[in-house]
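J.: Quick one: the structure is below, questions incoming.
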Amino acid sequence: MFFQRALWFLLLSIIGCFSGLSSAQTLTLPVEDYPPYITVDESSNSISGMDIRVTQAAFAAVGIQVSFETAPWQAILQGIESGEFAGTVSCARRPERAPYMLFSNEVSTSSRVLISRPSFATDHIESIYDLNSFRVISVEQWDMEQQLTELNIEHSTVQGISEGLESIMAGQSDVFFVSRYPVLHQAKKEGLQKSIKVSSLVAEPLVPLHVCLSKNYPQARELVQAFNQGLQIIKRNGTFQAIRNEYL
């Protein structure tokens, strides 16, 4: 009873603090297909996924409606920097993004893996620095590719996961440095589960993912605060874990 009463008072105080935001028009966030965090179904023109549903639920908990639209990742980053876009979902915190982005509390995490042909020996690859000896590819402007660039590890870029898998299968590249869940989803979709090998890097930690909002977007700081409060609510009432249990 005490917990329910405390949660109710918390909700009332939050809605009061952010009532100005609640009356505004629906917040629209551009996203790119990134299963299971973000799943774009072009046939039904729908956008769902674990992080999408958590974001909707957290904002809804404080009376803010949010919708989603699709856009290429590079266009999303450019739009957030200019303030044209409010922000996005499933976004990693990186130093070069800090000047123009605000980051919410952690929504989910992502792990980085290496994708190769089954015959390719990866046992001796323990850290990202070991990749210098191989033909490495990564998705352009994704967190993994920017990490390779920062560490001066030679690599080539692809425009998406499907193109990366194609390069591996064709023998054009040795390893594909990419996020685990999205690449496994795409491999399953293309029937390649048994045609690839997934290797983990021991020294690579989990990467927190956030809702990221543009510092140049009106009321961005208030929106981040509202989201964080909503996230706290859905974690307390069980909604957050219930959503995650459907995907992980």
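In the numbering used here, the protein residues as written are 303 to 550. We treat Cβ as the ideally placed atom computed from N, Cα and C, and that holds for glycine.
1. Going by C-alpha distance, which of Ile-427, Glu-386, Gln-367 and Val-500 is nearest Leu-329?
2. Taking the beta strand (DSSP E) that His-512 falls in, what are its first and last residues?
3. Here's a check: name, in chain order, each residue in its chain whose Cβ is nearer than 8 Å to the Cβ of Glu-428, leaving out the five neighbours to either side.
4. In whole angstroms, what separates the C-alpha of Asn-454 from that of Gly-385?
5. DSSP has Arg-414 in a bridge; who is on the other side?
6. Kindly indicate which three-state DSSP category Gly-532 falls into: helix, strand or coil?
7. Drop a sphere of 10 angstroms on the beta-carbon of Leu-550, count the other beta-carbons inside from all chains shown, and report buried for 16 or more, exposed for fewer.
8. Quick one: grab the DSSP three-state call for Ala-394.
9. In the DSSP assignment, find the alpha helix (DSSP H) that holds Phe-361 and state where it starts and stops.
10. Would you decide whether Asp-343 is buried or exposed? Buried here means 16 or more other CB atoms lie within 10 Å of its CB.
11. What first and last residue would you give for the alpha helix (DSSP H) that runs through Glu-506?
12. Between the alpha carbons of Ile-430 and Asp-445, how many angstroms are there, rounded?
13. Which same chain residues end up closer than 6 Å to Arg-569 when comparing Cβ atoms and leaving out the 5 residues on each side of it in sequence?
14. Say whether chain C places a C-beta atom closer than 8 Å to the C-beta of Lys-499.
15. Quick check: the stretch 413-427 against the stretch 460-480, are there 3 or more CB pairs under 8 Å?
16. Are three or more beta carbon pairs between the stretch 335-353 and the stretch 525-536 nearer than 8 Å?
17. Helix or strand or just coil, what does DSSP make of Ser-464?
18. Nearest-angstrom Cα distance between Ile-535 and Pro-507?
19. Using CA coordinates, which residue listed in Tyr-339, Ala-394, Leu-331 and Arg-355 is at the minimum distance from Thr-372?
20. Return the Cβ separation of Val-509 and Thr-357 in integer angstroms, given the expectation that the two are a contact with Cβ distance under 8 Å.
21. Do you know whose CA, among Arg-414, Arg-395, Tyr-519 and His-487, lies nearest Glu-408's CA?
22. Is the distance from the Cβ of Gln-488 to the Cβ of Ile-463 below 8 Å?
23. Once DSSP output is grouped into helix, strand and coil, what is the label at Leu-379?
24. What separation, rounded to the nearest whole angstrom, lies between the Cα atoms of Phe-305 and Arg-538?
T.: Considering the structure as presented:
1. For the residues Ile-427, Glu-386, Gln-367 and Val-500, the minimum Cα distance to Leu-329 belongs to Gln-367.
2. 509-516 is the span of the beta strand (DSSP E), which, as asked, contains His-512.
3. So the list reads Leu-503, Val-504 and Ala-505, once near-sequence residues are dropped.
4. Whole-angstrom Cα-Cα distance: 30 Å.
5. Among the bridge pairs identified by DSSP, Arg-414 is matched with Ser-481.
6. Helix, per DSSP.
7. The C-beta of Leu-550 has fewer than 16 other C-beta atoms within 10 Å across all chains shown, which makes the residue exposed.
8. Of the three classes helix, strand and coil, the one that applies to Ala-394 here is strand, per DSSP.
9. Boundaries of the alpha helix (DSSP H) harbouring Phe-361: 352-363, taken from the DSSP string.
10. Burial call: exposed.
11. Premise fails: Glu-506 is in no alpha helix (DSSP H) and is neither H nor E.
12. Between the alpha carbons of Ile-430 and Asp-445 lies a gap of roughly 13 Å.
13. Outside the displayed range of the chain (303 to 550) lies residue 569, so it cannot be described from this structure.
14. Within the model displayed, chain C is absent; a lone protein chain is all it includes.
15. Counting Cβ pairs under 8 Å, three or more are found: they touch.
16. No, the stretch 335-353 is not in contact with the stretch 525-536.
17. Ser-464 falls in the helix class under three-state DSSP.
18. Roughly 27 Å separates the two Cα atoms.
19. Relative to the Cα of Thr-372, the nearest Cα in the group Tyr-339, Ala-394, Leu-331 and Arg-355 belongs to Leu-331.
20. Not a contact, Cβ separation roughly 18 Å.
21. If we check each option's Cα against that of Glu-408, Arg-395 comes out closest.
22. In this structure, Ile-463 lies closer than 8 Å to Gln-488 by Cβ.
23. The answer is helix: DSSP assigns Leu-379 an H, G or I state.
24. Its pLDDT being 44, under 50, Phe-305 is placed unreliably in this model, and the value from its coordinates should be taken loosely. Arg-538 has its alpha-carbon roughly 9 Å from the corresponding atom of Phe-305.
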